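Take a look at the structure set out below.
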């Protein structure tokens, strides 16, 4: 922020998600004892994965999904303000708030997250989205027994919303042009199995895209699809990705390109300003831009890395990226990549005619990624194998009788 940075004494974290919380927690864990303010318009930071799972279903309330209770912030000297940041003033080492107040800051972390990608068709504004608690509350109210629900997008969020809607007794149509979706994330065999679960639970899947949403009788809508067909809906949900909230950075002259560009420490193009979570995008030392990581663990890790960076300390080393998802009572986990389009080969582990897990091996035998349905210990073993750079026995990977712990040796 200022020309002579020195050791930080006033840090402002803009955002209230898991990246923001992880950064604040890591700063205190690393011994930072200066002023620390979180700008979180929704109040205490809370966990977002439950919004499409337990919170949406009603098995978890708002108090249960907070990342830490209120007394944690008092004990750790973290001030939480529900004001929005209106502007960054790097040359003045300050942050301007929406109420006109100005906060001094010699380090700023932008952790503003992302917003749902809008359904860009005529009438698309009628579609519900899922990103925060208010979205989940509105969606829950729409998922009545017998309600006709059209979900656009069969990725992780769309699939979880579809599963929840079925649980509420809704009649669901799931629309996505890719059949099956999620192949790069879990491999084709598991992607096919996961997509088929929808039909097994009474969901109609349609490989198409909406072209218009038109009003119908009684407050319902008609979702017109490419090819001329149409689906009646009492509620429409769009789960077609997210858009990073990078305007705050862009307005301050910080480099953005589908996210705020950062190095491994979370540093942006402006000294003293860092970014983490869904709003950030890694720029490698050679200038190549990585895909934005949009999973929970990636947000945690980037928040921790930015905390170290703001203190001028080396970024922690992390293993392969990991994510999880749930649908129809089935738990899905994946680590690394299962995208075999560039190199490597897929090894499947099957039982009773169904794929349990998929592994991607590099040409030299190293494990590049793994995914499993209902076998988290397999993924735990895969993470250890990948972190050690080992080349597992392909036959053992494929054999369902080989326990996960035996794969590591």
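Numbering (full-length UniProt numbering), first residue to last: 1 to 409.
Here a beta-carbon is modelled for each residue, glycine too, at the ideal position from N, C-alpha and C.
Since this is a predicted model, take the numbers as computed values, not measurements.
- Setting aside the 5 residues that flank it on each side, residue 186 is surrounded in the same chain by 194, 332, 334, 338, 358, 371, each with a C-beta closer than 8 Å to its C-beta; the list follows chain order.
- Straight across, the Cα-Cα distance linking residue 208 with residue 176 is about 5 Å.
- Beta bridge pairing from DSSP links residue 398 with no other residue.
- Taking a C-beta distance under 8 Å as the contact criterion, residue 259 and residue 244 qualify as a contact pair.
- For residue 191, the CB contacts under 6 Å within the same chain, skipping 5 residues up- and downstream, are 180, 182, 183 in chain order.
- Look at the stretch 257 to 332 and you find these whole runs of beta strand (DSSP E), each 3 residues long or longer: 260 to 262, 273 to 275, 280 to 282, 322 to 327.
- Between the alpha carbons of residue 33 and residue 313 lies a gap of roughly 15 Å.
- Contact between the stretch 157 to 176 and the stretch 231 to 243 is present: three or more C-beta pairs spanning the two stretches fall below 8 Å.
- If you look at residue 369, you'll find it in the beta strand (DSSP E) that goes 367 to 373.
- When rounded, the separation of the alpha-carbon atoms in residue 402 and residue 347 is 14 Å.
- In the DSSP assignment, residue 104 forms a beta bridge with 94.
- Taking all protein chains shown into account, residue 253 has fewer than 16 neighbouring C-beta atoms within 10 Å of its C-beta and is therefore exposed.
- In the DSSP assignment, residue 210 falls within the unbroken beta strand (DSSP E) covering 210 to 215.
- Spatial neighbours of residue 394 in its own chain (CB-CB distance under 6 Å, excluding positions within 5 residues in sequence) are listed in chain order as 347.
- With at least 16 other beta carbons inside 10 angstroms of its own, residue 236 counts as buried.
- A straight-line Cα-Cα distance of about 28 Å links residue 11 and residue 287.
- Residue pairing for residue 345: DSSP places it in a beta bridge opposite 361.
- In this structure, the CA atom of residue 36 is about 8 Å from the CA atom of residue 24.
- Scanning its chain for C-beta atoms nearer than 8 Å, with the 5 sequence neighbours on each side dropped, one finds around residue 248 the residues 14, 85, 87, 88, 110, 112, in chain order.
- About 18 Å separates the beta carbons of residue 238 and residue 166, which is beyond the 8 Å limit, so they are not a contact pair.
- Taken through DSSP and simplified to helix, strand or coil, residue 175 comes out as strand.
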